[in-house]
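Asker: This is the structure I have questions about; it appears just below.
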Amino acid sequence: MSFIKINTDKQTYKGVSDEDIVRKILVSPERKLQEELYERYVDRVFHKCLNIVNNKEVARDLTHDVMIKVFLKLSKYSEKSPFYGWIFAITYNHCMDHLKAKKKFKLSSFEDYKVDIPEEDSIEMEHKELKELQFEQLEHHYQHLSDQEKLILLMRYQDGMSIRQISIILKVSESAVKMRLKRSRDHLAKLIKSAGYESK
88 MSFIKINTDK QTYKGVSDED IVRKILVSPE RKLQEELYER YVDRVFHKCL NIVNNKEVAR
148 DLTHDVMIKV FLKLSKYSEK SPFYGWIFAI TYNHCMDHLK AKKKFKLSSF EDYKVDIPEE
208 DSIEMEHKEL KELQFEQLEH HYQHLSDQEK LILLMRYQDG MSIRQISIIL KVSESAVKMR
268 LKRSRDHLAK LIKSAGYESK
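Per the numbering used here, the sequence shown starts with residue 88, numbered consecutively.
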């Protein structure tokens, strides 16, 4: 990854929370504080973007845009949720805007057919089952999912977002989120199952 590393004294801020750094920046926007916050998240945002768009150059551009947005919107962070969740919400929204602009992301495709919406307990059980699968197996088949399927699975299983948090970011009902998660999990399971049959 080619982001320029800023020469920041990490020891100065060791043990200082993101929230404390944000508060200090809002009171006195010192460059070192801004650099520290940037360094903590630039790589994580990049990998998040890369997981969604699967293109390093595009992911770098998106990361640059996201980090600019983070600092421009810093005063809007309310501390009602962890700072990392706030940054990832901005990241997901920006990546969704990119995909929509490229006409790769069609939310309506999720509603093309009806499925039974699982209860929360069922979702947690399927979450457990997914976590028990071999990482290499998941990684391989994940690449064959659609952009929207990748996005919602990343939100739920990589970032551990709640149904409510996802519904806010995607601007849809919680029932719609559950339906989309089910469809995405079902598709991933089908890919894994099909590969199992082919290997026999």
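Just so you know, even glycine gets a beta-carbon here, dropped at the ideal spot from N, CA and C.
1. Can you tell which of Arg-272, Gln-245, His-274 has the C-alpha that lies nearest to the C-alpha of Ile-139?
2. Are the segment 101-108 and the segment 134-150 touching by the rule of at least three beta carbon pairs closer than 8 angstroms?
3. What is the DSSP secondary structure of Tyr-171, reduced to helix, strand or coil?
4. If you count every other CB in all the chains shown that lies within 10 Å of the CB of Tyr-179, and 16 or more means buried, which is it?
5. Using a Cβ-Cβ cutoff of less than 6 angstroms, which residues in the same chain neighbour Leu-137 once the five nearest sequence positions on both sides are dropped?
6. Taking 8 angstroms as the cut-off, decide whether the C-beta atoms of Asp-152 and His-181 are in contact.
7. Taking just the CA atoms, how far does Glu-261 sit from Leu-149?
8. How should Lys-265 be labelled, buried or exposed, when 16 other C-beta atoms within 10 angstroms of its C-beta is the threshold for buried?
9. Restricting to Cα atoms, I'd like to know which of Ile-279, Ala-263, Ala-176 is closest to Leu-241.
10. Three-state secondary structure (DSSP) at His-231?
11. Between Phe-170 and Val-109, which are expected to be in contact by the criterion C-beta below 8 angstroms, what is the C-beta distance as a whole number of angstroms?
Answerer: Quick look at the numbers:
1. Gln-245
2. no
3. helix
4. buried
5. Ala-146
6. yes
7. 27 angstroms
8. buried
9. Ala-176
10. coil
11. 6 angstroms
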